[in-house]
Each structure stands twice: as structure tokens, then as C-alpha cells.
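Under the numbering used here, the first residue of the sequence shown is numbered 271, with each subsequent residue one higher. Every residue, glycine too, gets a C-beta built ideally from N, C-alpha and C. Quantities reported herein were computed from a predicted structural model and do not represent experimental measurements.
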Amino acid sequence: MADNFLENKFDEYRQRKSAPTTRSGHSLDSLLKKNRSYRGYDADWKVPTTVLEKMVEVTQWVPTGKNQQAFRFKLVNDEREAAIVTENVKMGALLPELHLPLPGTEPPAYIIICSTIPECKRVHVDLGIAAQSMLLKAVELGYNGLIIAAFNAQKVTEAFNLPYPPVLILAVGKGAEKIEMTEISADESHNYWRENGVHYVPKIRWEELIIR
């Protein structure tokens, strides 16, 4: 009887060991789908410094060409300082008539990404990896963001007395827009649009992205 008990327990152990592990929390797919580009934010939601710090923390672990680790980060969540950044960035290039962000929906926080070395192909690759990783972390923490490449670098540098040139800016906050993705074929327009208060983002079907 004792032998059967031990055999049964060993069988249970082997089954548990061979069974796939179910991880709790967010899947990568869900984070990627939630990580949309928000150009309007809820004014009632502030972004604590700890959230911005956790976003920067992930860059310690991401890949970087030649292990150069070139980026430094200026955290901005003071209302007055955030307003300065807002004055010097451009959002929604495909919707110029809206002059985004709309009044009252400005981002409450920003992360200014600076580079300690001159821009080059490796810096640009690393920049994309870092920015995407940081925004995925923001989504995991319940926030949203936007990658901003159109900004007045000189004025931002002067306003914050930056020791290195800014190469990208991330807006961070609680998104106040309704965003929906819609599948398209590769030969259709890629332009995003707004209709009845919804921001639509066309995405090419993944099957068409593969070279056959």
C-alpha cells in the first residue's frame, strides 16, 4: 500500500513537471495591443515619479549595440515643466487640423531621452528598443504614452539645461482617447483617422508581412 502511495505521488510530480507553466499577469500580446499612441490624456491622472523611474529601469536590461548604453533620461512630471515640453513638441502629424493635444488633454508627464554619443544607426536601433520597452512598462503599470520625434531640440535643451542632446521624447499619462485597430491589406492607406470620437489605426494583416 505504501509502495502504491509513493508511485502515485511520483506520477503526480512528473505530470506537474511536464505540464506547461501558466504565467499570471500580462502576456506580451496583450501589452503590445494595449500599447497604443495616445495624444490625449485624463487631466485628473498624475504620473508619480516612481512610475517614470520604473520605466527607465527597464532600459538597464534591454539590448544595446556594442553594449554602449548611451541614453540618459530627464524625468518631467511637474505641471509647469510639462507645459514647457508640450509647447515644444508636435503630435498627430496626419491630423494637423486638430492641433493635438486638444486643450485640457495635455500629457501630465514626459521622459526626455538624451544620447551621450552622436546619433548613428546603432543609436537609432537602441532608441527604438528602449522606447518600446519603456512604454510597454507604462502599460503594465496602468498608464499610456506616445513616442515623439518631432520637437524643438534646442529649446528643450535650453529649458532643462540638458548635458546631452535630446533624441526622443516620451509622453506619459492615462490615455483619454478611444483607440481601435483595424486590419488592412498592404496596398491600402496606412493613415490613421478619427471618426465619431474614435481614433482608428490601420494595421497590415500579419500574413501579408511575410515574404513568400
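6 Å CB neighbourhood of residue i in its chain, flanking five on each side removed
i                 : result
arginine 312      : The sequence as given places aspartate at residue 312; arginine does not occur at that position. Result list for aspartate 312: Lys444, Ala446, in chain order.
valine 471        : Met451, Tyr462
arginine 482      : none
glutamate 477     : none
phenylalanine 280 : Any reading at phenylalanine 280 needs caution, since the residue's pLDDT is 48, under 50, leaving its predicted position unreliable; the model's value is listed next. Same-chain partners within the cutoff: there are none.
Start and end residues, beta strand (DSSP E) containing residue i
i              : result
leucine 346    : The sequence given here places valine at residue 346; leucine does not occur at that position. Here the beta strand (DSSP E) through valine 346 covers 341 to 346.
leucine 416    : 414 to 418
methionine 451 : 448 to 454
serine 385     : 379 to 385
glutamate 465  : 463 to 465
valine 426     : Run containing valine 426: none in the beta strand (DSSP E); it sits in the alpha helix (DSSP H), 423 to 430.
Spatially closest choice to residue i from the options, by CA coordinates
i              : options                        : result
leucine 416    : Asn431, Thr356, Asp299, Asn422 : Thr356
valine 468     : Leu301, Pro433, Arg306         : Arg306
asparagine 431 : Met325, Val326, Val346, Asp299 : Val346
isoleucine 449 : Lys473, Asp457, Ile354, Glu458 : Lys473
alanine 441    : Asp299, Thr320, Glu376         : Glu376
tyrosine 434   : Leu411, Gly374, Ile387, Ile354 : Ile387
alanine 401    : Glu349, Ser455, Glu367, Phe343 : Phe343
glycine 310    : Leu370, Leu479, Cys390         : Leu370
Nonlocal neighbours in the same chain, by C-beta distance under 8 Å from residue i, ignoring five residues either side
i              : result
leucine 397    : Phe341, Ile383, Ser385, Val437, Leu438
threonine 292  : Here threonine 292 scores only 39 on pLDDT, less than 50, and its place in the model is too uncertain to base an answer on.
isoleucine 454 : His460, Pro472, Lys473, Ile474, Arg475
alanine 353    : Glu376
lysine 287     : For lysine 287, the predicted structure reports a pLDDT of 42, less than 50, and the residue's modelled location is therefore unreliable. The matter cannot be settled from this model.
methionine 271 : Note that methionine 271 scores a pLDDT of 49, beneath 50, so its modelled location is shaky and nothing firm can be said.
valine 363     : At residue 363 the sequence reads alanine, which differs from the valine that was named. Taken in chain order, the residues that qualify are Ala420.
leucine 368    : Gly362, Arg464
valine 395     : Gly335
For residue i, the first and last residue of its enclosing alpha helix (DSSP H)
i              : result
methionine 404 : 391 to 410
isoleucine 354 : 349 to 357
glutamate 323  : 319 to 327
alanine 363    : Where alanine 363 is concerned, there is no enclosing alpha helix (DSSP H), given that its DSSP letter is neither H nor E.
lysine 303     : 298 to 304
alanine 313    : Unbroken run through alanine 313: none, as it is neither H nor E.
Sequence-distant residues of its chain with Cβ nearer than 7 Å to residue i (five each side left out)
i              : result
alanine 419    : Leu438
valine 317     : Asn347, Pro378, Ala379, Tyr413, Val442, Gly443
isoleucine 399 : Val332, Pro333
leucine 479    : none
Whole-angstrom C-beta distance between residue j and residue i, which should lie under 8 Å
i              : j              : result
valine 332     : leucine 411    : Wrong, their Cβ atoms sit about 17 Å apart, outside the cutoff.
threonine 329  : methionine 404 : 7 Å
asparagine 414 : tyrosine 308   : 4 Å
leucine 365    : arginine 464   : 7 Å
Problem - Touch test, the segment 413 to 430 against the segment 342 to 361, Cβ-Cβ under 8 Å, three pairs minimum - result: By the C-beta criterion, the segment 413 to 430 is judged to be in contact with the segment 342 to 361, since at least 3 inter-stretch pairs fall below 8 Å.
Exercise for the section: Would you check if the segment 321 to 334 and the segment 366 to 384 touch, i.e. whether three or more CB-CB distances between them fall below 8 Å? Expected result: Cβ pair count under 8 Å is three or more, so yes.
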